[in-house]
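Note that the working numbering has the sequence shown beginning at 211, numbered continuously upward.
All C-beta atoms in this analysis are idealised placements derived from N, C-alpha and C, irrespective of residue type, glycine included.
Below you'll find the structure, written out as C-alpha cells, and then a few comments.
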Amino acid sequence: MRKTTFISIICAIVMGNNIIIASALNVDLWSLPQFPASSIVWKDRPMQINGINAQATHLRANTAPEEVITFYQKFLLGQGWKVKDFFQEQNIIAFVKNNRFVYVMIQDNGSDVPRDIYLISSPGDLAICRM
C-alpha cells in the first residue's frame, strides 16, 4: 500500500481554555492566487471524489476557460508542479508535486453566465476520465 501525505494546517482561535474555531486549511489551496476578476463562492471545502478525500475552492469569473488554465498553469509550473494530465475538451488540467495533486476545472455555463472555477487539492490521483 502506497503511503501519501496530505498537507494541511490546523487553525484555531483559543480564548482561555476554549477553542472557538478550528479548521484544517489546505496549504496547496491557500497558496494558489485567486484568479483576477473572480469572486469566491466558497473556499477550502472538504469533499470526497472517487473515494479520495480532497479540499476544493469554488470561484466564478466571466473569463474564457483558456485564460484560467493559462493563469494557473504559469503559477503552478513556477512553483515546481508538473502537468499530469490536460483534458482540453473538459477544461481540466491536473498537476502533481511530491505525490500531491492539484486540479483546475472550469465549467463553461455559456457566454452570458459566469464560469465556475474549481481548484481542488488531493493527496491522491482522482482518476478523472476523458469524455
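query: Residue of D238, L329, K284, I338 minimising C-alpha distance to T270; result: The question names Thr, but residue 270 in the sequence shown is Arg. It is L329.
query: Neighbourhood of K354 by C-beta distance below 8 Å, restricted to the same chain and skipping five residues each side; result: It is not possible to answer for residue 354, since the shown part of the chain is limited to 211 through 341.
query: Buried versus exposed, by CB contacts within 10 Å (16 or more), V278; result: buried
query: DSSP-derived helix/strand/coil call for L329; result: strand
query: Backbone secondary structure at S233 - three-state DSSP; result: Any reading at S233 needs caution, since the residue's pLDDT is 42, under 50, leaving its predicted position unreliable; the model's value is listed next. Three-state result, S233: strand.
query: The stretch 313-321 in contact with the stretch 246-256 per 3-pair CB rule at 8 Å; result: no
query: From N263, E276, R255, Q289, residue whose alpha carbon lies closest to that of P243; result: Q289
query: Reduced DSSP category for F297 - H, G, I as helix; E, B as strand; rest coil; result: strand
query: Buried/exposed call for S331, threshold 16 Cβ in 10 Å; result: buried
query: Local conformation of L269 per DSSP, three classes; result: strand
query: Proximity of T273 and R325 at Cβ, strictly below 9 Å; result: yes
query: CA-to-CA distance, F296 to N260, given in whole angstroms; result: 19 Å
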